[in-house]
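>
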Amino acid sequence: MTTCLRVLLLLLMCAARSIFAAATAEQTLLQYGQQCVDEIGEIPAFDCNAGTTVPITVNNRVPERYFANMTCDRPALLPYEAPTSGPCTPYSKILNLSHGETEISAFCRRKMIRSKESPFYDEVDIVLHNTGNGKTCWFHAEHPGSAAGFNATRVPPPNEKTPPPGHVSAETFWWAPAATATKKCVSCHDASPVMYSPWIGQVWNKVPTDPWGKYINLGEAFESWATLSISTPGNTCIGCHRIGNEKSCSIYVPLAAGMLAPPKGSNKLASSYPLTHWMPIDNNRSKDEWNAANVESVRNLLTCCSEQGKNDPKCHFAPNAQGSTKGG
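In mature numbering (1 follows the signal peptide of the UniProt record, and there is no 0), the protein residues as written are -21 to -1, 1 to 307.
Rendered as structure tokens:
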């Protein structure tokens, strides 16, 4: 083999390795952030303290003081494990940063008790969704084990390459897409990009929703994020939104129908009707009226959620959330 041919083969091998490496490398935060901005819409920088506070009440009143592991009327549903202050930790915030067809829900969570004015938070999440094309992106920031939290005075846009002087960079603040994907948010958000609970329902008018819209999760790390919607003829539970086939089946449908124990942190009020039956929103029916209107629909949905439901003629399944690197 001539020297020139050896050099040519070596160059071709190097080029092939470079192409393979580029194809298999994980999408970076900045790459994912830019893709989401290009296909869905711009995300502005924001201050968590500018958001609306999610109330934490006891017997429908703001208590004189908050303390760790207390109970309340509407605890957060996410697990708040030690060393957090529990699911009744006050002063989490919601921000609606939407513009045009671009819906932006920003959630700033407090998991440790701090003053209302504190700039420090324990988790920040963005759900970015376009009502026109259905494309959806997920951004997550959390620093487990740090009781001090992190400063969320200026949350950077996830595609921001260079922050203003003195501010944290996007790559430092946000988790990489592959890390965020391990949270498997779609297992709870199986029906639409945002989900209702009594906790967030207190500020539901601040949450942008698209319950019947397309739902396409962008990004290489989120390709597997796909769900089905479930329905049965005349079902009262699907009048306002879809029902997904993941944790809606195993947790949220039975929980919203009072069939499971109230979530951790629930006080006596939270464990009593009507707060145990939180669908439909602002339920004002008597328990007998609720049962007459909804028990059969709930039973049918849970049948569809079971193994036998796959072959039950009354159960209808349709593609819902989809995963795509390029959207659709």
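Glycine is no exception: its CB is placed at the ideal position from the N, C-alpha and C atoms.
Decide if the stretch 247 to 267 is in contact with the stretch 75 to 89; the criterion is three or more beta carbon pairs, one per stretch, under 8 Å apart.
The stretch 247 to 267, when compared against the stretch 75 to 89, does not touch it at the 8 Å Cβ threshold.
> What number of angstroms, rounded off, separates the C-alpha of alanine 126 from the C-alpha of alanine 120?
Cα to Cα, alanine 126 sits roughly 15 Å from alanine 120.
> Between valine 37 and cysteine 51, which are expected to be in contact by the criterion C-beta below 8 Å, what is the C-beta distance as a whole number of angstroms?
Indeed they touch by this definition, with Cβ atoms about 6 Å apart.
> By how many angstroms is the C-alpha of glycine 192 removed from the C-alpha of asparagine 112?
Using only the alpha carbons, I get a separation of about 9 Å.
> Which value, in whole angstroms, describes the spacing of the CA atoms of alanine 4 and arginine 133?
Cα to Cα, the separation comes out at about 30 Å.
> Rounded to a whole number of angstroms, what is the C-alpha to C-alpha distance between phenylalanine 46 and serine 210?
Taking the straight line from one Cα to the other gives about 42 Å.
> Enumerate in chain order the residues of its own chain whose CB-to-CB distance from cysteine -8 is below 7 Å, with the five nearest sequence positions on each side excluded.
Any reading at cysteine -8 needs caution, since the residue's pLDDT is 41, under 50, leaving its predicted position unreliable; the model's value is listed next. Excluding residues within five positions, none has a Cβ falling inside 7 Å.
> Exposed or buried, which one is arginine 278 when buried takes at least 16 other CB atoms within 10 Å?
By the 10 Å Cβ count, arginine 278 comes out exposed.
> When you compare only the Cα positions, how much space is there between aspartate 169 and glutamate 225?
Spanning the two alpha carbons is a distance of roughly 6 Å.
> Where does the unbroken beta strand (DSSP E) through cysteine 87 begin, and where does it stop?
Run containing cysteine 87: 81 to 88, per the beta strand (DSSP E) assignment.
> When you compare each of Cys228, Ile195, Ser251, Val173 to glycine 237 by their alpha carbons, which one comes out closest?
Among Cys228, Ile195, Ser251, Val173, the Cα nearest to that of glycine 237 is on Ser251.
> With a CB to CB cut of under 7 Å and the five nearest residues on each side skipped, what residues in its chain are close to methionine 174?
Around methionine 174: Cys167, His168.
> Verify the CB distance criterion: does lysine 293 have a CB-CB separation below 7 Å to chain D?
Within the model displayed, chain D is absent; a lone protein chain is all it includes.
> On the criterion of 16 or more Cβ atoms from any shown chain inside 10 Å, does glycine 223 qualify as buried, or is it exposed?
It counts as buried.
> Hey, isoleucine 22 and proline 137 are a contact pair by Cβ (cut 8 Å); roughly how many whole angstroms apart?
That pair is a contact at about 6 Å.
> Excluding the 5 residues flanking alanine 149 on each side, which residues of the same chain have their C-beta closer than 8 Å to its C-beta?
So the list reads Leu8, Leu9, Gly12, Pro135, Pro136, Pro137, Asn138, Glu139, Lys140, Pro142, once near-sequence residues are dropped.
> Would you mind reading off the limits of the beta strand (DSSP E) that contains glutamine 301?
Unbroken beta strand (DSSP E) run through glutamine 301: 301 to 303.
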